[in-house]
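Down below is the structure, laid out as structure tokens.
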Amino acid sequence: MTNPVFSGCIPALMTPCTADRRPDFDGLVKKGQELIAKGMSAVVYCGSMGDWPLISDAERMEGVARLVAAGVPTIVGTGAVNTTQAAAHAAHAAEVGAAGLMVIPRVLSRGNSVAAQRDHFAAVLSAAPTLPAVIYNSPYYGFATRADLFFDLRQDHPNLIGFKEFGGADDLRYAAENITSQDSSVTLMIGVDTTVFHGYVNCGAGGAITGIGNALPDEVLHLVALCQLAAKGNATARRQALELEAALAVLSSFDEGADLVLYYKHLMVLNGESEYRLHFNESDRLSASQQAYVEAQYALFRSWYADWSQQPDIAALCA
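Numbering (full-length UniProt numbering), first residue to last: 1 to 319.
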């Protein structure tokens with residue numbers, strides 16, 4: 001199975017809220033369309049960024065169906081409290097014409113059992129055998145998929161074509177050494193914003209799933225383009241990519257923490273997108289100190305980027 005959807009830069013969409021703290025599907029579709037128009041290759045919905053534990057199965061499915069109907073290439077997160085529900089989300093994704101699956105491990109019950117996880121992954125992959133899928137590897141889900149399990153699943157499920165790594169630099173290196181370098185048809189997806197350069201240049205990643213790219217799409221697409229050039233040996237692109245990633249470092253680091261959605265929704269509000277002002281839980285909010293810090297870092301980055309991107313060598317390579 002080919003995997004064109006798992007390439008380039010893919011934002012993990014957040015779910016905007018209406019005034020009564022229900023999903024704002026019009027706002028969701030609008031953002032998906034805007035990001036695709038910017039040059040993103042697809043979107044993810046519902047992963048962790050989409051707050052999948054906080055909305056109902058019906059709401060998640062409506063969001064997926066609305067995005068697909070609007071022409072947005074959509075990769076569907078299958079996180080759920082049990083395998084039956086996860087498989088239902090996969091089947092629904094195939095039914096409405098989604099572009100792919102991001103298969104999240106079994107959580108809470110027998111989460112550290114390799115046998116249980118194999119059965120879980122197999123059930124989800126079997127529910128949508130025509131959709132290309134990647135396993136979402138993250139320490140937050142309490143289970144690390146290793147090469148033996150991955151290739152065991154591949155024998156029975158050819159739609160498993162990739163690996164999304166959210167565990168950080170060392171885990172990306174493991175995936176590159178032991179999984180994606182073993183089979184050239186398997187794609188490695190960068191899953192955390194702090195490892196974009198490392199993923200592309202040192203690990204041969206085929207794409208990046210981003211959180212900060214919701215708020216800074218042009219800048220993140222610029223970073224990805226530079227990393228792709230650097231991965232081909234372009235020395236100027238390598239230097240520029242490292243400069244840009246370093247400038248983004250604080251904003252990207254919010255992707256690693258529990259408050260990532262709170263931070264990135266706040267940046268969207270700073271951009272003038274008021275539909276991201278609310279969260280599903282009324283008590284979920286940044287502290288005054290967190291808010292002041294992220295605002296200062298955002299202003300600093302935007303000021304720096306406006307100056308840096310106008311330097312002659314930067315502008316020349318972009319052209």
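All residues carry an ideal CB built from backbone N, CA and C; glycine is no exception.
- Per DSSP, reduced to three states, the secondary structure at Leu-286 is coil, with no helix or strand assignment.
- Sorting Ala-231, Leu-248, Ala-205, Asn-202 by C-alpha distance to the C-alpha of Ala-215 places Leu-248 at the top.
- In the structure shown, Cys-227 falls within a helical segment according to DSSP collapsed to helix, strand and coil.
- Counted as a single uninterrupted DSSP element, the alpha helix (DSSP H) harbouring Ile-36 occupies residues 25-38.
- The C-beta of Gly-233 has fewer than 16 other C-beta atoms within 10 Å across all chains shown, which makes the residue exposed.
- A straight-line Cα-Cα distance of about 9 Å links Val-64 and Ile-75.
- Contact check for Gly-162 against Phe-6 passes: the beta carbons are separated by less than 8 Å.
- Around the beta-carbon of Pro-23, 16 or more other beta-carbon atoms lie within 10 Å, marking it buried.
- Ranked by Cα distance from Ala-225, the options Val-250, Asn-202, Phe-197, Ala-246 are led by Phe-197.
- Residue pairing by DSSP places Phe-163 opposite Ile-135, Leu-188 in a beta bridge.
- One alpha carbon belongs to Gly-206, the other to Tyr-174, and they sit about 16 Å apart.
- A direct Cα-Cα distance of roughly 42 Å separates Arg-302 from Ala-91.
- For Ser-252, the CB contacts under 7 Å within the same chain, skipping 5 residues up- and downstream, are Asp-193, Thr-194, Ile-212 in chain order.
- The Cβ atoms of Ala-98 and Leu-131 sit closer than 8 Å to each other.
- Nearest neighbour of Ala-241 by Cα position, chosen from Lys-265, Phe-254, His-222, turns out to be His-222.
- In the DSSP assignment, Gly-199 falls outside any alpha helix (DSSP H) and carries neither an H nor an E.
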